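Residue numbers (the numbering used here), protein chains in the order written: chain C, 5 to 224; chain R, 103 to 117. Note sheet for the following structure.
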């Protein structure tokens, strides 16, 4: 219930209507959107029960490891109602053609594989919010100071997922496990996304805001 | 960790 309440409002991409469509414009729009979503996601993390009790250093380490998984999982959940399209924002939906134009066809296809997986499973909002918190708590940072505290956070979130599934999906006793088993593909997809945006950064043609750059550098 | 100033600031803000 706390995670459902903590879930941030949708934000808007607001692509500049005066700039002609191009790969640079699409990537600039996405990087700007990602930067604003990151600010929102850091605020969200503080509402995960137990997260604010971690040391500031461990909160930072988890976010530095897990931020892209959180961004992608949010795009995936928003896209569940559509067919072969990614809802980066309510006003920024990418189809195959736009993905090609932005040079994001491979990455977006990888994200669509996750969408397909969750569609088949019938992912619910309750499951989505817990999985997102689990992805953060389980982001496998190499720099955790108090790994027992992080383990306790993982246990609490894992317990919440199991309780939800026991109550709402008694017909499938393995549903919680199935949910957890989607996380490797999320990790893999996030790694691809990081790699792609690191090479865009090196290219230097797309302006990026400071928080996005800071977190991209944490992964480099 | 010094490099991650914005993340640090955002986590320290109370909102």
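C-beta: ideal position from N, C-alpha, C; glycine also. Every value quoted in this text rests on a predicted model; they were computed, and no experiment measured them.
For residue i, name the three-state secondary structure that DSSP assigns.
i	result
residue 23 of chain C	coil
residue 238 of chain C	Because chain C in this structure spans residues 5 to 224, residue 238 of chain C falls outside the shown range and cannot be described.
residue 179 of chain C	helix
residue 101 of chain C	helix
residue 150 of chain C	coil
Over the uninterrupted beta strand (DSSP E) stretch that includes residue i, give me the two end residues.
i	result
residue 52 of chain C	Run containing residue 52 of chain C: none; DSSP gives neither H nor E here.
residue 98 of chain C	96–98
residue 93 of chain C	90–93
Less than 6 angstroms between C-beta atoms, sequence neighbours within five positions excluded: which residues of the same chain meet that for residue i?
i	result
residue 109 of chain R	none
residue 195 of chain C	none
residue 83 of chain C	90, 91 and 119
What is the rounded straight-line gap between the Cα of residue i and the Cα of residue j?
i	j	result
residue 67 of chain C	residue 139 of chain C	10 angstroms
residue 172 of chain C	residue 6 of chain C	17 angstroms
residue 206 of chain C	residue 198 of chain C	12 angstroms
residue 202 of chain C	residue 39 of chain C	14 angstroms
residue 126 of chain C	residue 25 of chain C	35 angstroms
residue 178 of chain C	residue 18 of chain C	41 angstroms
residue 109 of chain C	residue 34 of chain C	14 angstroms
residue 14 of chain C	residue 183 of chain C	24 angstroms
residue 16 of chain C	residue 135 of chain C	23 angstroms
Within a Cβ cutoff of 7 angstroms, which residues of the same chain sit near residue i, ignoring the five residues on either side of it in sequence?
i	result
residue 200 of chain C	111
residue 85 of chain C	none
residue 48 of chain C	10 and 12
residue 219 of chain C	42, 68 and 71
Checking contacts by CB at 7 angstroms: is residue i closer than that to chain D?
i	result
residue 136 of chain C	Included in the structure are the protein chains C and R, with no chain D among them.
Terminal residues of the continuous alpha helix (DSSP H) containing residue i?
i	result
residue 135 of chain C	129–141
residue 16 of chain C	Where residue 16 of chain C is concerned, there is no enclosing alpha helix (DSSP H), given that its DSSP letter is neither H nor E.
residue 59 of chain C	No alpha helix (DSSP H) contains residue 59 of chain C, which DSSP labels as neither H nor E.
residue 110 of chain R	107–114
residue 86 of chain C	First-last for residue 86 of chain C: undefined, no H or E at that position.
residue 10 of chain C	6–10
Leaving out five residues on either side along the sequence, give the residues of the same chain with a beta carbon under 8 angstroms from the beta carbon of residue i.
i	result
residue 215 of chain C	39, 42 and 43
residue 133 of chain C	7, 8, 10 and 11
residue 158 of chain C	138, 141 and 142
residue 150 of chain C	58, 59 and 62
residue 160 of chain C	53 and 54
Interface positions of the stretch 55–72 of chain C facing chain R (Cβ-Cβ less than 8 angstroms), listed along the chain: For the stretch 55–72 of chain C, the residues whose beta carbon sits under 8 angstroms from a beta carbon of chain R are, in order, 60, 61, 63, 64, 67 and 68.
Chain-ordered residues of the stretch 35–47 of chain C with a beta carbon less than 9 angstroms from chain R: Those would be 42, 43, 46 and 47, in chain order.
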